[in-house]
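Visitor: Numbering (the UniProt record's numbering), first residue to last: 1 to 84.
Okay, here's the structure, questions in a sec.
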């Protein structure tokens, strides 16, 4: 698999996780959103950047839905600037 193909699959997975977290925010389900952030953390620890790992840790440990939404917005901005 080429690097560009791998990157495309990685970022598609990240965006899928972020979409799931958005759904959980809409449903008011902080605990499930945090669990999804934990799953993303594993992916980003293996293949992501240090900034992505830090953002995943924030998602996993978000204190409330507002903090989760703010972190989600920062994550989208980060991948929009990084994605190849």
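Just so it is clear, CB atoms sit at the ideal spot from N, CA and C, and this is done for glycine as well.
#1: Whole angstroms are fine: how far does the CA of residue 40 sit from the CA of residue 17?
#2: Measure the alpha-carbon distance for residue 31 versus residue 63 and round it to whole angstroms.
#3: What span of residues does the alpha helix (DSSP H) with residue 3 cover, start to end?
#4: What's the C-alpha gap between residue 72 and residue 78?
#5: In terms of alpha-carbon separation, which member of 67, 76 and 61 lies closest to residue 37?
#6: Alpha helix (DSSP H) containing residue 81: first to last residue?
Guide: For this structure:
#1: Numbered from 1 along the chain shown, position 17 holds the residue referred to as residue 17. Numbered from 1 along the chain shown, position 40 holds the residue referred to as residue 40. Looking at the two C-alpha atoms, the distance is approximately 7 Å.
#2: Here residue 31 corresponds to residue number 31 of the chain shown, with the count starting at 1. Here residue 63 corresponds to residue number 63 of the chain shown, with the count starting at 1. One C-alpha to the other measures close to 10 Å.
#3: Your numbering for residue 3 matches position 3 in the chain shown. First-last of the alpha helix (DSSP H) with residue 3: 3-27.
#4: Counting from one through the chain shown, the residue named residue 72 turns up at place 72. Counting from one through the chain shown, the residue named residue 78 turns up at place 78. One C-alpha to the other measures close to 10 Å.
#5: Residue mapping note: residue 37 aligns to position 37 of the chain shown, counting from 1. Of the listed residues, the one whose Cα sits closest to residue 37 is 61.
#6: Taking the chain shown and counting its residues from 1, one reaches residue 81 at position 81. Start and end: 65-82.
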